[in-house]
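Structure, as structure tokens:
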Amino acid sequence: MVENIYNFFELRDFENIPDGHGAIFGKTGSGKTSLLHFFSRLLSEKNETVIVLDPHGDLVKNLLIPKKSIFISPLFRYVNDRKMAINMNLMETEKRDELGINIITETLKMLFSMDIDYSQGTWGPRLETVFSTIVPEVMNNIENATLLDIENTLINRDFNASNYLKSLYGRAYYDYIQSTMNKLTPITTNPFLREFICSKNVSFSFLKNDIRGKVVDIYLAKQELGEFLSRMAGSAVLSMILNATKFKKIRDATIIIDEIKDFSPYLLPGLFSESRKFNIRIIIAAQYVNQLSKDLYDSIMGNISWIASFKVSPEDSMRISKKFSPENLRIENTLLNLPDRIALFKEKQLGLYRIGEIIKFNNEEIIDDAYIKYGNEIDYFPDDILGLIYSIEERGNVANF
């Protein structure tokens, strides 16, 4: 039995979350969500700031802590017969100065050039030219600019910055901007993404709302949103968090990202880099190492100070064990034979921890209160939200509204 090889503890023995970034690995049902829930609740009890990004939904739905939780989701919701949505803006900046515009421009270029959902696998000189010239121009000339303003500016040719683009007026111009429009249209024509990340009337903002001592629960449940919406919204939120750290608006906080594979892998290194300056701890969780790109895996392993693993596959045990100890064979066997809800943990030393049952905080009133406080009333509201989501995915992720 593995319990006879290592020091054995109960999870309640944890008094403080380990310092530094951490990673948690384990198969479905092994206990990862319970461990993330425990860490989130422990931090909340100490009045620390926590941001949780959850593509499954189980973690957030059981982490609705009275007077602490801020529930944020792309989903629309009826509250007291009012049609409500959370409105954010992917292009929101603290100031429309050169620094602020440059931060937003570079984040957009990173997202649209490297993230597979936003880039659709393409990037080239045309897109580089459009994003490098039109984004700053739009932000300089339009207050609270959004992706919709970029799209409208390109369609109407209503810009002054790029003489090169002007020289393409006529058929060549529309051929030139087509690749950019192809990337913007799935977002701007999608009612959920349009409200959630393209709103001028921002109702929740990492730049302006005071989240100190709160638990910001980002609900991205794929079973309700679908794969496409969940990934797109998740990477957008992670981009806004990255921007907020660059604007020095998030500090002394813990960011918990469940199922890191569902988020843009190119944002995490930047977040690791910024976190050092502002005392931000990042905790990521993943089911399988082989679902992560080599660059993302190397970035995670190069930045974490501690690691925890539940039972994993033979292939993953071989890779993860190297982070635990040079004694690979024993660690590999341990990771293959761990019982459910027991994790091998390494900070300064190795130890086994039993993960008990979580204390669930599930309160629909907290969700309603969040939509009232951090949302806006909207005119458009489909009767069948799930039907609309599935129709969006069936049509190749584009909704024609």
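295 is the number that our numbering gives to position 302 of the sequence shown; each next residue is one higher, with no gaps.
For glycine and all other residues, C-beta sits at the position ideal for the given N, C-alpha and C.
Keep in mind it's a predicted model, so treat the numbers as computed, not measured.
Residues sharing a beta bridge with residue i, DSSP
i	result
G344	F338
T247	V43 and R274
R323	DSSP lists no partner for R323.
F354	L56
A78	N369
S310	Partner(s): none; S310 has no beta bridge.
I300	A16 and K339
A279	F18
Contact check, residue i vs residue j, beta carbons under 9 Å
i	j	result
L56	D210	yes
S228	M81	no
D361	N73	yes
K353	K339	no
V45	V195	no
M84	V128	yes
L101	S232	yes
A279	E308	no
E267	L222	no
K254	G19	no
F271	K241	yes
L147	I170	yes
Y364	I79	yes
G344	F2	yes
L337	L331	yes
L275	S33	Note on residue identity: the sequence assigns Ile, not Leu, to residue 275. Their beta carbons are not under 9 Å apart, which means I275 does not touch S33 by this criterion.
E41	A301	no
Y111	K176	yes
M132	T173	no
I243	I277	no
I348	R334	yes
M107	S257	yes
K76	Y373	yes
A226	L186	yes
I359	F31	no
K193	N137	yes
I109	L140	no
Run of the beta strand (DSSP E) containing residue i, from where it starts to where it stops
i	result
I211	V208 to Y212
I17	H14 to F18
F2	F1 to E3
R70	R70 to V72
Residue span of the alpha helix (DSSP H) that contains residue i, given as start and end
i	result
Y290	K287 to N296
V230	E220 to K239
S33	K25 to E38
F64	Per DSSP, F64 belongs to no alpha helix (DSSP H); it is in the beta strand (DSSP E), S62 to I65.
Y111	I109 to S112
* Should the segment 206 to 216 be regarded as contacting the segment 84 to 98, the criterion being three or more beta carbon pairs within less than 8 Å? -> Judged by Cβ distances under 8 Å, the segment 206 to 216 makes no contact with the segment 84 to 98, as fewer than three pairs qualify.
* To do: Write down every uninterrupted run of the alpha helix (DSSP H) in the segment 176 to 205 whose length is 4 residues or greater and which is fully enclosed by it, in chain order.
  => Listed in chain order, they are 184 to 190.
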